[in-house]
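First to last, the sequence lines map onto chains A and B.
Sequential numbering of the first sequence, starting at 1, is according to our numbering.
Sequential numbering of the second sequence, starting at 1001, is according to our numbering.
Quick reminder that beta carbons are idealized off the backbone N, C-alpha and C, glycines included.
In what follows, a structure is listed as structure tokens, so that the remarks can point back to it.
Protein chains: 2
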Amino acid sequence: MNLRIPGPTPLSPEVMAAVGQQMINHRGPEFEALFGDVVTWLKLFFETEHDVHVFTASGTGGMEAAIVNTLSPGDRVLAVTVGVFGDRFADIAEAYGAEVTRLTFEMGQAADPDRVAAKLSEGAPYKAVLFTQNETSTGVTNDVLALCKAIQSAGDPAPLILVDAISGLGAIRLQADAWGCDVVITGSQKAWAAPPGLAMVSFGPRAQEASQQARMPRFYLDLGQAAKYAKRNQTPATPNVAALYGLHKSLEGMVAEGPEAVYARHAEIGAYCRQRALDMGLGLFADPDHYSNTVTAVTLGADRSAKQVLAALRERHDVICGSTKAPGVEMIRIGHMGYVSLEDIDGVYTALADVLAS
Amino acid sequence: MNLRIPGPTPLSPEVMAAVGQQMINHRGPEFEALFGDVVTWLKLFFETEHDVHVFTASGTGGMEAAIVNTLSPGDRVLAVTVGVFGDRFADIAEAYGAEVTRLTFEMGQAADPDRVAAKLSEGAPYKAVLFTQNETSTGVTNDVLALCKAIQSAGDPAPLILVDAISGLGAIRLQADAWGCDVVITGSQKAWAAPPGLAMVSFGPRAQEASQQARMPRFYLDLGQAAKYAKRNQTPATPNVAALYGLHKSLEGMVAEGPEAVYARHAEIGAYCRQRALDMGLGLFADPDHYSNTVTAVTLGADRSAKQVLAALRERHDVICGSTKAPGVEMIRIGHMGYVSLEDIDGVYTALADVLAS
């Protein structure tokens, strides 16, 4: 199987072997050593000196943790959305009683920092801004630094900056501390090339301060509890040990490769995937200035059915790409993050050429 | 390593091999078949014809899901607690704004149904009662049926019955539908002999009805969303695929063995573990009428340090038992659920005899 959805991503043989290991005591020294490594290594990719919490949840649980640990019901929140996952971030804040204003950009486009700054200047100050680093549904990567600067120019104190980097971090550089991202969220099944089931969330000093006043209810996702247990490299609840084995093994390789090489590799494979689509006469859905290096949305032309193409890729070639929806556009998504080679991408296009020819 | 904590429990070689498999598309037919099997098989152990939701969380996340999907802030809730995990259930309800009354029984004792009934008759009606099937911290199993009857006698409609069966279900029989347990919670890393990271929660018709009015905020743990996706054997957020591989393989074996044989095996190994302790002149912490068949709390005598004994077991024999605390009592816990043999228990006592002799 050539699994090319934007997560869960394939595991290397080494990671699979690690995942299938025997259980250990989650309150014992072997676990503490493993967990300590994972947190230390993650900080190299978050580029933060502050806490990174790792807990048992899907990425959506990580997004919820970012919100409930920093905000109170009634807080004014600006949700900047460029697709499905930006909408989800807004939905979570609303479910917990935040007063959410949505700033929605057309699918395929990135968020415009000037429009974000303009929106922030209207009405009472916002407590927080939510946005997505890499929108998985459209293959768009926002300019996180430019958005942070726009938000920081909005007032003093600036709104909290909560960034969903679930499908980007570990492949596309983000500097949490230097850029002023207060909370950054990612998930193990994306660029980290580990099994799903771990949310990883950085929590900077302004988020820490906000958490003292935040009144949204929380228990399972309470990062204050996580911080207490993290002092001895443990977690409050029983952790997702098998996924942690995999994440540990995968991070070991990523650290040995070096973050810059990891980012360069993703830039190369992203460009390669896009070029192959163009070479075949297919289109790219995303704004060319904001192509994602982890997932590409390829448009097929209005006369083709994405659903049928995806089924044929699977049935005839065992190539699994992702579906996605935009009004009047037939497209498929190709994931290229984590454990992926140029040959894997070649395999997708060879199969796609066959399917489209028939 | 002889891992004898009360979860994570050891994995069989077959389950380890399953856990270490390659990822698949969580929106594809292979996943849907796997997830459908898991839910179908779990219902045989929950003894329910209604929904069983499986989602990515520790058991604590399952407890939180039970509460936030059925209750509203201000609801009167009776929390019956016989130890650490009963206390946790109460803490979660309080964190979300329930008006919680605690009925606490002495550690080592079970909950007395008569006292529960008496408490329920005081003051305004309770919306829900929370209690634990098997208290992991003390090795006590409550009489769930007797507690359900006491609660059902309290009024019409009776309070909702939410049961934390995390460390009991799959080893100690519980009949969700026949006994009237509205929500029952368990976790993959206990009797199910799979990796941690999956909460499994049954949700009966009265819980379903209550969820329509329940106003506690929820998004990640919203079981209404889970029910929608369950119709096509999917989950709203990316699921814990590796743990599901393990749970599927383990359940396959448990179903082939048959639930009654599984319960009988746990009754046998529980009795064996207790007898070996008594044969060595050690004590048992739990009320003899309510011994747990999944975990035994063994008292060592006041002149011994449980901490030192646990360290010596680990360092000299690679036997990992659990710690637990009660005022003035030195004790250790031995887990015996899931993938465990009489020989594993012999190994614990052989090591313990050596440690205590020195």
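For residue i versus residue j, is the C-beta spacing smaller than 8 Å?
{"i": "H336(A)", "j": "T296(A)", "result": "yes"}
{"i": "G246(A)", "j": "P195(A)", "result": "yes"}
{"i": "A1210(B)", "j": "L1160(B)", "result": "yes"}
{"i": "A1193(B)", "j": "S1058(B)", "result": "no"}
{"i": "T1048(B)", "j": "S1202(B)", "result": "yes"}
{"i": "P1239(B)", "j": "H1053(B)", "result": "no"}
{"i": "E1135(B)", "j": "V1082(B)", "result": "yes"}
{"i": "V262(A)", "j": "A117(A)", "result": "no"}
{"i": "A1095(B)", "j": "P217(A)", "result": "yes"}
{"i": "V348(A)", "j": "V319(A)", "result": "yes"}
{"i": "G1338(B)", "j": "A243(A)", "result": "no"}
{"i": "F1046(B)", "j": "V1184(B)", "result": "yes"}
{"i": "T235(A)", "j": "A226(A)", "result": "yes"}
{"i": "W41(A)", "j": "L223(A)", "result": "no"}
{"i": "G1253(B)", "j": "V19(A)", "result": "no"}
{"i": "N1233(B)", "j": "F1105(B)", "result": "no"}
Taking all protein chains shown into account, do 16 or more other C-beta atoms lie within 10 angstroms of the C-beta of residue i, making it buried, or fewer, making it exposed?
{"i": "L174(A)", "result": "buried"}
{"i": "P1073(B)", "result": "exposed"}
{"i": "K249(A)", "result": "buried"}
{"i": "A1230(B)", "result": "buried"}
{"i": "D1344(B)", "result": "buried"}
{"i": "P29(A)", "result": "exposed"}
{"i": "Q1189(B)", "result": "buried"}
{"i": "D1075(B)", "result": "buried"}
{"i": "G1062(B)", "result": "buried"}
{"i": "P10(A)", "result": "buried"}
{"i": "R1115(B)", "result": "exposed"}
{"i": "R316(A)", "result": "exposed"}
{"i": "A256(A)", "result": "exposed"}
{"i": "A1357(B)", "result": "exposed"}
Using alpha carbons as the reference points, say which of the options lies closest to residue i.
{"i": "N1293(B)", "options": "G1328(B), A1267(B), G1301(B)", "result": "A1267(B)"}
{"i": "E32(A)", "options": "A111(A), Y291(A), V241(A)", "result": "V241(A)"}
{"i": "Q1213(B)", "options": "N1069(B), T1060(B), M1063(B), H1050(B)", "result": "N1069(B)"}
{"i": "D143(A)", "options": "G301(A), Y291(A), I332(A)", "result": "Y291(A)"}
{"i": "E1014(B)", "options": "P10(A), P8(A), G7(A), Q22(A)", "result": "Q22(A)"}
{"i": "A326(A)", "options": "F45(A), R276(A), Q225(A), A302(A)", "result": "A302(A)"}
{"i": "V1355(B)", "options": "Q1308(B), P1157(B), A1018(B), M1331(B)", "result": "Q1308(B)"}
{"i": "L1103(B)", "options": "E1122(B), S1167(B), D1075(B)", "result": "E1122(B)"}
{"i": "D1289(B)", "options": "Y1096(B), L1130(B), D1156(B), G1139(B)", "result": "G1139(B)"}
{"i": "V1163(B)", "options": "K1190(B), K1119(B), A1066(B), A1256(B)", "result": "A1066(B)"}
{"i": "R215(A)", "options": "G1338(B), V1319(B), L1130(B), G1097(B)", "result": "G1097(B)"}
{"i": "G1187(B)", "options": "I1166(B), A1353(B), N1233(B), A1256(B)", "result": "I1166(B)"}
{"i": "G168(A)", "options": "F85(A), V38(A), A277(A), G224(A)", "result": "F85(A)"}
{"i": "A191(A)", "options": "F105(A), P259(A), D75(A), L34(A)", "result": "P259(A)"}
{"i": "R1276(B)", "options": "M1001(B), R1304(B), A1353(B)", "result": "A1353(B)"}
{"i": "M1200(B)", "options": "V1038(B), V1255(B), A1256(B), M1001(B)", "result": "V1038(B)"}
{"i": "S1305(B)", "options": "S1323(B), E1315(B), R1316(B), H1317(B)", "result": "S1323(B)"}
{"i": "P1157(B)", "options": "A1176(B), V1340(B), L1120(B)", "result": "L1120(B)"}
Anything in chain E within Cβ reach of residue i, meaning under 9 Å, just list it in chain order.
{"i": "F85(A)", "result": "Of the chains in the structure shown, none is chain E; the protein chains are A and B."}
Between the alpha carbons of residue i and residue j, how many angstroms are there, rounded?
{"i": "K1043(B)", "j": "K149(A)", "result": "53 Å"}
{"i": "Q1109(B)", "j": "E1064(B)", "result": "25 Å"}
{"i": "A351(A)", "j": "A79(A)", "result": "39 Å"}
{"i": "S1137(B)", "j": "R88(A)", "result": "38 Å"}
{"i": "M1280(B)", "j": "L1342(B)", "result": "16 Å"}
{"i": "D346(A)", "j": "I1092(B)", "result": "51 Å"}
{"i": "D51(A)", "j": "A312(A)", "result": "45 Å"}
{"i": "A178(A)", "j": "A146(A)", "result": "12 Å"}
{"i": "D1182(B)", "j": "R265(A)", "result": "52 Å"}
{"i": "L1278(B)", "j": "Y1220(B)", "result": "46 Å"}
{"i": "F131(A)", "j": "T141(A)", "result": "11 Å"}
{"i": "R1274(B)", "j": "V1077(B)", "result": "35 Å"}
{"i": "A207(A)", "j": "G180(A)", "result": "11 Å"}
{"i": "L310(A)", "j": "C321(A)", "result": "7 Å"}
Could you check whether the Cβ of residue i sits closer than 7 Å to any heavy atom belonging to the ligand GDP?
{"i": "F31(A)", "result": "Although the ligand GDP was asked about, the structure shown includes no ligands whatsoever."}
Three-pair Cβ contact test at 8 Å for the region 1250–1270 of chain B versus the region 1279–1289 of chain B: no
Contact the region 334–349 of chain A vs the region 1–8 of chain A: 3+ CB pairs below 8 Å: yes
Touch test, the region 1150–1170 of chain B against the region 1122–1131 of chain B, Cβ-Cβ under 8 Å, three pairs minimum: yes
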